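Using this note's numbering, the letters of the sequence shown map in sequence onto residues 6 to 254.
Encoded as structure tokens, the structure appears first; notes follow it.
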Amino acid sequence: MKKIVLLGGNGTIGKILVEGLRQNYEVIVCDKQEQKDRANYLQLDATNYEELLEKIPHDTDVLVNLLATETSQHIEDIEQFNQMTEVFFKAGYYLLDVATKRNIPKVIIASSNHVTDGYEEQGESLLGRKITTEDYPYSKGLYGVLKLASENVGRLFADEQDVSVINLRIASVPKDEVQGIEENDRLVHTLLTREDVVNLFEAAVKAEVKYGTYYGVSDNPGAPWDTSNAKKELGFKSEQNSIDVMDES
6 MKKIVLLGGN
16 GTIGKILVEG
26 LRQNYEVIVC
36 DKQEQKDRAN
46 YLQLDATNYE
56 ELLEKIPHDT
66 DVLVNLLATE
76 TSQHIEDIEQ
86 FNQMTEVFFK
96 AGYYLLDVAT
106 KRNIPKVIIA
116 SSNHVTDGYE
126 EQGESLLGRK
136 ITTEDYPYSK
146 GLYGVLKLAS
156 ENVGRLFADE
166 QDVSVINLRI
176 ASVPKDEVQG
186 IEENDRLVHT
196 LLTREDVVNL
206 FEAAVKAEVK
216 YGTYYGVSDN
226 PGAPWDTSNA
236 KKELGFKSEQ
246 NSIDVMDES
């Protein structure tokens, strides 16, 4: 049974993955927060390199970078810039370095659709076609810029080291799908359903890909991003979209 370690696993996507993957994989959650239930849980600070190197299990098969921090502005103040750089860039570099030192064969990076959010408005592509991973990155804010930087660092490690790196540009994953769609029309187009979150990450775990970047969005009506390479190269299948969620509610 493969061992998957989720860094930042106490967030929304981490909780979805724990529930969806634990029947077929050993799933370990790593997070800075304290947790009463210590089963399959490691408390650590991913911005502390020595702590990562010490605590990441040696027999890990896949590291999943779900690290996150608060951001609300396109341009942040210096304090927030430093915090975001620590989490989204430096800690991401640390994880890749630890993977090479621990001979962990695969790192999956939870990137973001915000890498190209300059091409999208209210869930619609401004290009007259779907946005692809071949389009030049155009971010409206620091968050997208740093996510792109983490993708590019992943490419360096994949090229220079014996590690597979897969970037998943995640779409919208609200805590409550129905409420999210009801309150924000954008999600009709941009939702990545909970079922498809699991489908996407499991496809990335199984895929024999040295390096790749993929959009993660369900087959919603008018979805702005192209997932054809995720379907072809990873074997991703969208089995539930935003319309299905509302029909089932």
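All residues carry an ideal CB built from backbone N, CA and C; glycine is no exception.
A quick note: this is a predicted structure, and the numbers were derived from the prediction, not measured.
Among the options, which one has its Cα closest to the Cα of residue i?
i    : options                : result
T17  : V203, N172, K242       : V203
E244 : Y219, R199, V120       : R199
F94  : E75, V150, K60         : V150
V210 : V170, V178, I248       : V170
D231 : E139, E91, D164        : E139
T52  : Y98, V10, K20          : Y98
T74  : L12, N189, P142, Q184  : L12
D201 : E182, V120, D122, R160 : E182
Q166 : V34, L173, V158        : V158
When you compare only the Cα positions, how much space is there between residue i and residue j?
i    : j    : result
R107 : L205 : 25 Å
S247 : S144 : 25 Å
E188 : K7   : 38 Å
F86  : L72  : 15 Å
A115 : G221 : 10 Å
R101 : E56  : One detail in the question is off: residue 101 reads as Leu in this sequence, not Arg. If I take the Cα positions, the gap works out to 14 Å.
Just to confirm the assignment, what range does the beta strand (DSSP E) spanning residue i have?
i    : result
S254 : Segment: none, S254 is in no beta strand (DSSP E) and carries neither H nor E.
V92  : No beta strand (DSSP E) contains V92, which DSSP labels as neither H nor E.
R174 : 169-175
E31  : 31-36
By Cβ distance below 6 Å, which residues in the same chain neighbour residue i in space, the five residues on each side in sequence not counted?
i    : result
Q127 : R191
S177 : L192, T195, L196
K37  : D50
Which same chain residues, not among the five before or five after residue i, have their C-beta less than 8 Å away from its C-beta?
i    : result
K242 : N204, A208, K236
D164 : Y216
D122 : Y143, S144, K145, G146, G149
K135 : A228, P229, W230, D231
G185 : S177, P179, L192, L196
I80  : G146, L147
Between which two residues does the alpha helix (DSSP H) carrying residue i extend?
i    : result
E55  : 54-60
S155 : 147-165
Exposed or buried, residue i, counting other C-beta atoms within 10 Å across all chains shown (16 or more means buried)?
i    : result
S155 : buried
L147 : buried
K111 : buried
H119 : buried
N283 : Absent from the structure is residue 283, since the part of the chain shown begins at 6 and ends at 254.
Output needed for residue i: all residues of its chain with C-beta closer than 7 Å, excluding positions within five of it in sequence on either side, in chain order.
i    : result
L131 : Y124, E125
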